[in-house]
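Participant:
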Amino acid sequence: MRTVLLLISTLLISVTANSAELSKSEALDLAELFILENGFTDASAKEVKSILESKGITWTDESQKKLIHHVFTVHPKAIGIKPWYPWAGEGWSVAFLRTKTDPSTEYNCRVVTINANGSNIQIMHKNGHCKTFSGL
């Protein structure tokens, strides 16, 4: 009886964990909201959070200093989404075209990564390869 209860509990936890995973559409919406709320777009001051996320490409805790580096560095709509890089685990990578691009390179996007359950959202330090993400 105890084994049966343990098995049922394990199955319920597994089903619950899987149901909490973000769909492609949800991940896309979450990444676009993250980009907007953290001042990476040309959003109005009302739309930007007063305390910005302290992850990814900036190394200061002061929101105003972060915002100087963020403002309108990427377009607000994603250009593509892919399952997360194999080395990073389960989740999504969402690409945004940079506002200032270099025509001599295909690395003109920023990539936001999100764990499968929607946690640990951040923008990557390095530019992404746009062709990898094209086709939304």
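With mature numbering (1 follows the signal peptide of the UniProt record, and there is no 0) as the guide, the letters of the sequence shown map in order to residues -19 to -1, 1 to 117.
For glycine and all other residues, C-beta sits at the position ideal for the given N, C-alpha and C.
(1) Have a look at Ala1, His110, Thr54 and Trp65 and flag the residue whose alpha-carbon is nearest the alpha-carbon of Ser85.
(2) Just tell me which of Thr22, Lys107 and Phe15 has its CA closest to the CA of Asn101.
(3) Can you tell me whether Gly72 is buried or exposed, with buried defined as 16 or more other CB within 10 angstroms of its CB?
(4) So Ala76 and Val52 are supposed to be a Cβ contact under 8 angstroms. How far apart are they, rounded?
(5) Quick check: what's the CA-CA separation for Ile62 versus Val29?
Facilitator: This is what the structure holds:
(1) His110
(2) Phe15
(3) buried
(4) Contact check for Ala76 and Val52: beta-carbon distance about 19 angstroms, past the 8 angstroms limit, so the pair fails to qualify.
(5) Near 23 angstroms, if we compare the C-alpha coordinates of Val29 and Ile62.
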